[in-house]
Amino acid sequence: MIYAFITLKNTYADKKIYLWNVNRDSIGMFTALAFRRIPVEGFVTFGEYAGESYMNRTVRCVYDLEQEEDGIILVADSVSKDLIGTLPGNRAVYWSDALVWNDKICQERKLIVYGIGWGAQDVCRKLSDRKREADLYCVTKKNGVAQFNGKEVITAEELNKYPDYAILVSVKSKEFQMQILETLHGFQGPIYLDFEHLIDDTSVINFVQCLNTAIQTHKKAYIYGKMNATTELLESILSAYGVRFGGYVNDFADKKQQIEDIYTLSYEGIENKLIVLNEYIPKHIVRARTHIEFAGFSLEAGNYTGFQSYTTEENRLMGRLPFLRDPLAGISICYPKGKAGWNLYGKEEEGRIRILVLGGSTSSEEYHVKVWPKRLQDTLNDMGIQTTVYNGAHPGDDIVDELLRILRDGAQIRPHIVISMSGVNNLHKKISSNPFNEERITEWIHAKANKRGYCSGLHTDESLYAFWKRNMGLLKVISKFYGAVFFGILQPMNMAMESMNLCERALYEQEMHKMGAEEFMHHAEHADEYINLMQLFEHRDEMYFDVCHYTDKAHEILADQVLKTIIQEVKKLKTGRVFLE
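The sequence shown: position 29 = 28 (numbering that gives the first Met the number 0), numbered continuously.
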């Protein structure tokens, strides 16, 4: 069985656990607790949604807990520190303050530390602080190492000799941790590891959200993949929260292990089924996802989910897209068939209309969808309009990164049309006193400065929206300087939409973006600098597969919207100066 290195303090062992609010942040805590086998009693708010149910747990008004002495309220670290003072009683605890190293590890009879690197030294220090030490060390392959820290080093193949031992997976690398979990699939004893890598970023997976939908619509959940170290853990989560378990499924049947094949399962109908992808090795995720989607399940319908990178684009998942440090923009992707920092759709030839695209992950090749820039290029080519699209959108890019990329590379690309699809990555305050500083580089400098201070320019109190809008205007000026026509688009986002139901709030509301999204919503307009599509997907199903990233259906709509926006300029270019170059 799998357990976490970090868990709740013993102080809270006999307490009823309530989570503050129902949104992306509280669902992140819910996920972390579920994988740690710690039951959640319910959710609390100041009265919103009181009496409703999420994950078979009731939402209660926080004031109802005043008489409940054995309850505590866990609050996400992203929630304002001012909140604690407004909650009744003295029972609200921030998530990071509630966690501690798992003392149950020291209660195990014998300990095997898997790994002999610096991660092992870190685990050994924690054991030493608690008057324990490793009895053995384990590696996948020995490579001549017989001892470590004075103790024998064994190989993974020998672990069946030690059924009464507990294994502590010490490696820090996500890739190696996942490989080790695969190796340990048959080990019967306790396995402790760092859950930071076991569960993907809960803002970009809908694991709990899909389980809740399954509960509400009476679907059965099927665990997809080989029987491995996480199978039992997933079953325990389904059981704990009343999700109906349908059985095991894979791309091929195995009657001995009672595994059904995905195609037979889907032939019986997919409407009442949810597939839970139990894979964590990239190539296995890709293979499984291919079979699941061939069988008729989709991200749009939300009828398959997982806990590990199941929405990530194949090349990104398989490590084929190098993310390299960039001295100007922080990071850039070097596309194998593109240019440094730019993915190319279409050939680079004279006489073609050159369209330059800027934006964040919602327009990039980060996720498992056909993005709107590629769809736009395909549609224009089908119309007989030869185009080359330079997609410079990158995960995490905000309006500053967009400006920097076009300033540096615009002269080489010589675009005819520039399109910026942005907004989401400008919804939060940066750590620098002036938001024009590139965020990734600023964070690096902030860490390197080590309290010595650094210069980030003149302080500004400009609002998030005003800063974004002003720089949209600068993008327009720069595009004109390069001879291009600029189209700025405030991208769709549901983070601040009005009258959210409980499920929508659990999907879209996020603390770090909440205030900024509300500000954008209040001020957004159709202006000279941009076109406002912020509310395009409000209260519409199958548009997002996480907090802000669009499904294939949504990308198709966006491509159509962009085409309608630029088509008159495209027609001018087709009949005019493009062919005079």
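Virtual Cβ for every residue (Gly too), placed ideally from N, Cα, C.
Would you please state the rounded distance, in angstroms, between the beta carbons of residue i and residue j? I believe it to be under 8 Å.
i	j	result
Glu510	Asp24	5 Å
Tyr334	Leu355	Not really, about 15 Å apart at Cβ, beyond 8 Å.
Leu402	Asn470	6 Å
Tyr309	Ile179	At roughly 20 Å, the Cβ-Cβ gap does not stay under 8 Å, so Tyr309 and Ile179 are not in contact.
Phe34	Leu197	7 Å
Leu506	Gln208	6 Å
Ala495	Phe194	Rounded, the Cβ-Cβ distance is 31 Å, inconsistent with contact.
Glu365	Arg315	6 Å
Met0	Ile190	7 Å
His548	His427	Incorrect: roughly 17 Å between the Cβ atoms, too far for contact.
What do you reckon, are the CB atoms on residue i and residue j nearer than 9 Å?
i	j	result
Ile416	Val484	yes
Ile384	Ile332	no
Gly593	Ile269	Since the displayed the chain opens at 0 and closes at 580, residue 593 lies outside it and no answer follows.
Thr289	Leu343	no
Val39	Val61	no
Met420	Gln376	no
Thr304	Leu276	yes
Ile258	Val242	no
Leu158	Leu183	yes
Asp460	Asn425	no
Thr212	Cys502	yes
Ile72	Val58	no
Val122	Ser169	yes
Phe244	Tyr279	no
Gly70	Lys15	yes
Asn9	Asp102	yes
Val112	Leu135	yes
Glu313	Val285	yes
Asp400	Ala328	yes
Leu357	Ala410	no
Grouping DSSP H, G and I as helix and E and B as strand, with all else coil, what is residue i?
i	result
Lys103	helix
Arg131	coil
Glu580	Reliability fails at Glu580, whose pLDDT of 49 lies under 50, so the model's placement of it is uncertain and the value that follows must be treated cautiously. It is coil, neither helix nor strand.
Val484	strand
Phe296	coil
Thr304	strand
Leu126	helix
Met520	helix
Cys547	coil
Lys479	helix
Glu157	helix
Ile81	Reading off the sequence, residue 81 comes out as Asp, not Ile. Helix.
Tyr247	strand
Lys109	strand
Lys15	strand
Ile236	helix
Tyr262	helix
Asp527	coil
Lys571	helix
Ile115	coil
Val168	strand
Tyr464	helix
Thr378	helix
Using the rule of at least 16 other Cβ atoms within 10 Å of the residue's Cβ for burial, across every protein chain shown, is residue i buried or exposed?
i	result
Trp443	exposed
Leu323	exposed
Val476	exposed
His217	exposed
Asp527	exposed
Gln176	buried
Phe45	exposed
Leu579	In this prediction, Leu579 scores a pLDDT of 44, lower than 50, which makes its location untrustworthy; the coordinate-derived value is nonetheless stated afterwards. Under this definition Leu579 is an exposed residue.
Ile565	buried
Arg504	buried
Val569	buried
From the DSSP output, read off the bridge partner residues of residue i.
i	result
Trp341	Lys338
Cys60	Thr44
Gly329	Asp325
Ala3	Leu192
Asn148	DSSP lists no partner for Asn148.
Lys272	Lys219
Leu355	Tyr389, Val417
Val138	Thr154
Leu180	DSSP output for Leu180 lists no bridge partner at all.
Val92	Leu73
Asp253	Ile258
I want to see whether chain B comes within less than 9 Å of residue i, judged by CB atoms only; does it?
i	result
Val21	Absent from the structure: chain B. Only one protein chain is present.
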